[in-house]
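Last residue of the sequence shown: 154 (this note's numbering), numbering continuous.
What follows is a set of notes on a single structure, which appears directly below.
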Amino acid sequence: MIVQGRCQCDQVNYEFDTEKIISAHHCHCKDCQRSTGSGKATIIYIANKNLKLNGELKFYGKKGTTGMTVKRGFCENCGSGVMSYPKEIPLLRFIKAGTLDDSSWLKIDSTFFTKSARDWDAPNEDIKCYEGNPDIMTNIKSVIKAL
Ligand SMILES: [Zn+2]
Ligand SMILES: [Zn+2]
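Rendered as structure tokens:
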């Protein structure tokens, strides 16, 4: 299924085939909380080559706890965070699930950084949970296959 997403002003939009996604995760790390202004970010892993992006994103890079620098992309006009990627693995993209026009099809594989999750946005324990970052090595095989 081909799905589309966009920032609030539609200056940046994208599309991809749902069959191409690698995995999907909630991340409660402090950086995700700050950049979303919420209790977590919900992100979809996909290879950059499987993503069609229209428009220009501005990126802000910050070193995460794994030592990798996460470049978080946002629309320069409306400020919506649309997608990010690890600077060290530029062929990968993490799409912010909330920017999809319809995300009802999405299933979450696991939750990262439950240790910084707060009671007002508590992790769903039916989903596999990691206290910190399971780091990319956990599903590196599926990631590499997809890149
Ligand atoms: Zn925008
Ligand atoms: Zn995070």
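Even glycine gets a Cβ: it sits at the ideal position worked out from N, Cα and C.
Here the structure is a predicted model, which is why all the values come from computation and not from measurement.
Give me the residue from the options with the minimum Cα distance to residue i.
| i | options | result |
| --- | --- | --- |
| S123 | G12, A48, D133, L98 | A48 |
| A153 | C36, L58, D109, K135 | L58 |
| I96 | D109, I28, V77 | V77 |
| K70 | N61, Y92, E138 | Y92 |
Is residue i helix, strand or coil when you go by DSSP?
| i | result |
| --- | --- |
| N61 | strand |
| S149 | helix |
| K122 | helix |
| G4 | Residue coverage of the chain in this structure runs from 8 to 154, which leaves residue 4 outside it and unanswerable. |
Is residue i near ligand 1, going by C-beta to nearest heavy atom under 7 Å?
| i | result |
| --- | --- |
| S87 | yes |
| C39 | no |
Return yes when the C-beta of residue i is under 7 Å from any heavy atom of ligand 2, and no when it is not.
| i | result |
| --- | --- |
| C136 | no |
| F81 | no |
Going along the chain, which residues of its own chain have a beta-carbon closer than 7 Å to the beta-carbon of residue i, five neighbours each way excluded?
| i | result |
| --- | --- |
| L155 | Examination of residue 155 is not possible in this model, given that the chain is present from 8 through 154 alone. |
Given residue i, which residues of its chain have a CB within under 8 Å of its CB, disregarding the five upstream and five downstream residues?
| i | result |
| --- | --- |
| N61 | V19, N20, Y21 |
Requested in this report: Could I get the ranges of all uninterrupted beta strand (DSSP E) runs contained in the segment 21-91, with 3 residues as the minimum, in chain order?
Outcome: Annotation note: the segment 21-91 contains the following uninterrupted beta strand (DSSP E) runs of length 3 or greater, listed N- to C-terminal: 30-34, 48-54, 58-61, 64-70, 76-82.
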